[in-house]
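J.: Chains as they are written, first to last, in the numbering used here: chain A, 1 to 349; chain B, 350 to 698.
Sharing a structure here in structure tokens format.
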DNA sequence: TTGAAAGCGCTAACAA
DNA sequence: TTGTTAGCGCTTTCAA
């Protein structure tokens with residue numbers, strides 16, 4: 001029963017079926033019609049291939065056709081609810097097309113991003129999705145130079161087709177909701193809405209801050225710079241800043257816009273120590289979604305992105321073969337407090 | 350400034366540097382020493398390559414060497430905290446070795462698993478990690494037949510090297526802790542520990558149930574079958590079962606062993622409606638970790654797996670070039686209630 | 001110290 | 001309807 005370790009090639013199949021290698025190739029890769037190969041010949045070839053356990057060598061095929069059947073996706077990290085969800089949808093779509101997904105995480109390092117694109121190019125990938133890139137224009141120009149079909153996701157490029165979450169819309173929704181529900185505490189410093197977290201140099205944060213600023217300007221007497229605390233994404237740092245804020249203004253603010261899950265996590269590590277009634281005079285929202293947000297001691301408004309549609313539109317752009325810098329928007333959804341989403345998080349153990 | 354769309358090859362570099370293609374190949378792939386190429390020749394070649402923006406065609410290289418520089422990993426899903434963490438560590442390790450990771454999700458479908466392995470084989474991948482496979486023996490035999498170095502992770506194969514979480518240890522720890530802390534409610538049906546969730550046909554669940562059973566047998570008067578509720582992983586189903594249990598025994602059980610995050614999520618959707626004092630006579634634990642578990646209304650004991658070490662040991666096994674069915678264990682860690690892990694979940698926005 | 005030549009497995013003209 | 005042939009870009013003897 002021991003199989004020889006060398007994999008059979010079309011030559012083996014040709015020999016066994018009595019056909020020529022090129023005939024085998026055509027028959028096996030579905031070009032039988034175009035090449036007018038006799039159905040019985042095709043059958044004979046198929047049979048021989050099956051008997052030998054033949055499978056095409058995709059590297060040889062790729063070399064010859066100068067395409068590989070690989071589709072790449074770049075993302076900052078795998079272990080993040082949003083990006084891993086993008087991965088999942090990406091993978092489904094790619095597999096549905098009979099291709100092979102190659103997902104590379106680049107940790108928000110511009111050098112890694114560039115290196116990864118060049119690596120993928122060296123494998124002759126057929127297309128590339130770029131999610132959350134920090135150096136979009138550089139990547140854009142590499143892809144264009146190589147005439148590689150590509151689409152930016154979540155973070156746009158000015159020079160390439162892109163599909164992003166509508167951060168402006170989401171932030172407007174969340175800010176408006178918080179303002180609508182905010183109670184009056186009587187303390188003017190607490191009776192304001194604060195924005196916590198993020199990095200204004202990142203596209204998403206800047207959109208959100210802008211929308212926040214605009215809505216608050218519209219609806220209140222103005223925005224003071226200390227209402228916007230862009231302290232990054234490290235939980236510990238967020239906890240610190242929130243603690244400082246609470247200390248300065250003498251309590252929880254009446255409105256709190258938390259930017260991203262890690263910031264929420266940091267904030268919680270402080271909030272969890274407060275007495276339950278501390279939350280009575282506060283409305284808290286988080287831009288990003290986690291199912292556990294529904295199970296906290298206080299009501300939490302959340303903004304949920306739509307990874308399925310982001311990926312769907314990205315592939316639609318690929319299919320359209322545009323290389324113009326169109327920008328597609330996908331609206332996120334505001335989730336009410338204590339809303340239990342019924343979908344599974346994925347399974348384990 | 351427009352670059353021609355055809356990528357330069359070693360022949361272009363050869364022409365420009367005045368060397369032969371084979372010399373270029375050797376010089377550029379670090380075999381300059383072995384082939385005794387004059388350093389100045391190497392320099393000339395390097396220069397020419399840089400000027401042309403030469404990058405090797407990895408498909409051609411792979412075809413010739415019959416290895417690709419690709420390393421594959423199979424996992425059930427991307428959008429899961431545990432598996433995405435495995436992905437992240439896998440990707441780091443692979444990139445550190447100068448290779449390219451290809452991560453494929455197979456949704457716990459045996460057919461997809463097999464198809465994916467065969468696809469990866471067709472790309473001449475150099476090695477494969479298989480995480481959470483449902484058809485391990487079949488995959489094992491495909492890999493062996495192709496003499497592909499491979500290691501199973503999280504779910505072992507009887508015929509191939511494997512590294513798994515020590516489910517027995519973790520379940521013993523969690524069960525013991527719950528039993529140690531369990532109060533007496535006076536109601537004999539409530540004064541027991543219950544196991545909720547999972548599928549006994551899966552390796553991990555079966556290990557955990559077995560350990561649970563053994564510890565409970567040791568420490569109490571016995572285990573009744575209705576103490577073990579293997580209701581799968583769908584949150585809604587878990588919620589239902591928990592509700593039924595509470596109804597039947599007249600309150601929350603004194604001890605509850607929740608098996609996996611989605612089950613916890615389902616349980617929470619019911620628990621969140623109970624008054625705070627309902628938890629006073631219960632000790633609750635979850636086999637699996639989520640940082641938000643630290644922020645719930647009641648104390649939650651959690652078991653955290655160690656993806657870094659799982660991947661580390663998997664690569665150590667690959668490096669050892671064993672194909673014997675050795676089984677490595679990695680101990681998970683019991684996390685006390687309200688313990689705030691300081692590491693970021695990854696960043697966003 | 002270097003070059004020439006063969007071939008990895010496949011596909012696509014072009015012939016027949 | 002099918003076979004012959006010439007590469008895709010690279011590495012690797014072998015010969016010089």
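Built from N, CA and C at the ideal position, the CB exists for glycine as well.
Being a predicted model, the structure only gives us computed values, none of them experimental.
Whole angstroms are fine: how far does the CA of residue 573 of chain B sit from the CA of residue 546 of chain B?
T.: 16 Å
J.: Using a beta-carbon distance cut-off of less than 9 Å, what residues from the segment 117 to 140 of chain A approach chain B?
T.: 118, 119, 120, 121, 122, 123, 124, 132
J.: Under 8 Å by Cβ, that's how I've got residue 702 of chain B and residue 551 of chain B pegged, so tell me the actual separation to the nearest angstrom.
T.: Examination of residue 702 of chain B is not possible in this model, given that chain B is present from 350 through 698 alone.
J.: Sort A/167, A/79, A/86, A/115 by Cα distance to residue 447 of chain B and report the nearest one.
T.: A/115
J.: So residue 83 of chain A and residue 131 of chain A are supposed to be a Cβ contact under 8 Å. How far apart are they, rounded?
T.: 7 Å
J.: Considering only the alpha carbon of each residue, which of A/333, A/49, A/147, A/74 lies closest to residue 112 of chain A?
T.: Comparing Cα-Cα distances from residue 112 of chain A to each of A/333, A/49, A/147, A/74, the minimum goes to A/74.
J.: On the DSSP letters alone, give me the boundaries of the alpha helix (DSSP H) that residue 492 of chain B sits inside.
T.: 485 to 494
J.: Out of B/452, B/647, B/656, B/411, which one is the CA nearest neighbour of residue 679 of chain B?
T.: B/656
J.: So, at 8 Å on beta carbons, what are the nonlocal neighbours of residue 199 of chain A in its own chain, with the 5 sequence-adjacent residues on each side left out?
T.: Closer than 8 Å at the Cβ level, and outside the excluded window around residue 199 of chain A, lie 205, 230, 232, 233.
J.: DSSP on residue 130 of chain A, reduced to helix/strand/coil?
T.: In the structure shown, residue 130 of chain A adopts extended strand secondary structure according to DSSP, grouped into three states.
J.: Name, please, each residue of chain B whose Cβ falls closer than 8 Å to the Cβ of residue 57 of chain A.
T.: When 8 Å is used as the limit between beta carbons, residue 57 of chain A is near these residues of chain B: 412, 471, 473, in chain order.
J.: List the residues of chain B whose Cβ lies closer than 7 Å to the Cβ of residue 268 of chain A, in chain order.
T.: The answer, in chain order, is 644.
J.: Rounded to a whole number of angstroms, what is the C-alpha to C-alpha distance between residue 188 of chain A and residue 303 of chain A?
T.: 27 Å
J.: Where residue 215 of chain A and residue 259 of chain A are concerned, what is the direct C-alpha to C-alpha distance, given to the nearest angstrom?
T.: 16 Å
J.: Does residue 590 of chain B pass the burial test, meaning 16 or more other C-beta atoms within 10 Å, or should it be called exposed?
T.: buried
J.: If the cut-off is 9 Å on Cβ atoms, which residues from the segment 440 to 452 of chain B count as contacting chain A, listed in chain order?
T.: 440, 441, 444, 449, 450, 451, 452
J.: Does the CB of residue 429 of chain B have a neighbour CB from chain A at under 9 Å?
T.: Yes, because at least one Cβ of chain A sits closer than 9 Å to the Cβ of residue 429 of chain B.
J.: When you compare the CB of residue 301 of chain A with every CB in chain B, is at least one pair closer than 9 Å?
T.: Not closer than 9 Å to any Cβ of chain B, the Cβ of residue 301 of chain A fails to qualify, so no.
J.: With 16 other CB atoms within 10 Å as the buried threshold, where does residue 642 of chain B fall?
T.: buried
J.: In or out: residue 89 of chain A buried (at least 16 other Cβ within 10 Å) or exposed?
T.: The residue is buried, with at least 16 neighbouring Cβ atoms inside 10 Å.
J.: What residues from chain B crowd round residue 68 of chain A, counting only those whose CB sits closer than 7 Å?
T.: 408
J.: If you measure from the beta carbon of residue 499 of chain B to each beta carbon in chain A, is any gap under 9 Å?
T.: no
J.: Which of the three DSSP states is assigned to residue 37 of chain A in this structure?
T.: coil
J.: Roughly how many angstroms separate the alpha carbons of residue 507 of chain B and residue 456 of chain B, rounded to a whole number?
T.: If I take the Cα positions, the gap works out to 22 Å.
J.: Mind pulling the chain A residues with CB within less than 7 Å of residue 639 of chain B?
T.: 292
J.: Compare the Cα-Cα distances from residue 264 of chain A to each of A/36, A/27, A/288 and report the closest residue.
T.: A/288
J.: Please report whether the beta-carbon of residue 687 of chain B lies at a distance below 9 Å from any beta-carbon of chain A.
T.: yes
J.: Along the chain, where does the beta strand (DSSP E) containing residue 502 of chain B start, and where does it finish?
T.: 499 to 502
J.: Could you check if residue 250 of chain A is buried or exposed, using at least 16 other CB atoms within 10 Å of its CB as the buried criterion?
T.: Residue environment for residue 250 of chain A: exposed (fewer than 16 other C-beta atoms within 10 angstroms of its C-beta).
J.: Does the beta carbon of residue 225 of chain A fall short of 8 Å from some heavy atom of the ligand ZN?
T.: The ligand ZN is absent from the structure shown, which contains no ligands of any kind.
J.: By how many angstroms is the C-alpha of residue 164 of chain A removed from the C-alpha of residue 310 of chain A?
T.: 7 Å
J.: Indicate the three-state DSSP secondary structure (helix, strand or coil) for residue 283 of chain A in the structure shown.
T.: strand
J.: Are any of the Cβ atoms in chain A nearer than 9 Å to that of residue 434 of chain B?
T.: yes
J.: Can you grab the Cα-Cα spacing for the pair residue 40 of chain A / residue 30 of chain A, in whole Å?
T.: Spanning the two alpha carbons is a distance of roughly 14 Å.
J.: In chain B, which residues lie less than 7 Å from residue 88 of chain A when you measure between Cβ atoms?
T.: Contact annotation for residue 88 of chain A against chain B: 426, 427, 428, 454 [CB-CB distance below 7 Å, chain order].
J.: Please tell me whether residue 295 of chain A and residue 620 of chain B are closer than 9 Å, where the distance is taken between their beta carbons.
T.: Yes, they are a contact pair.
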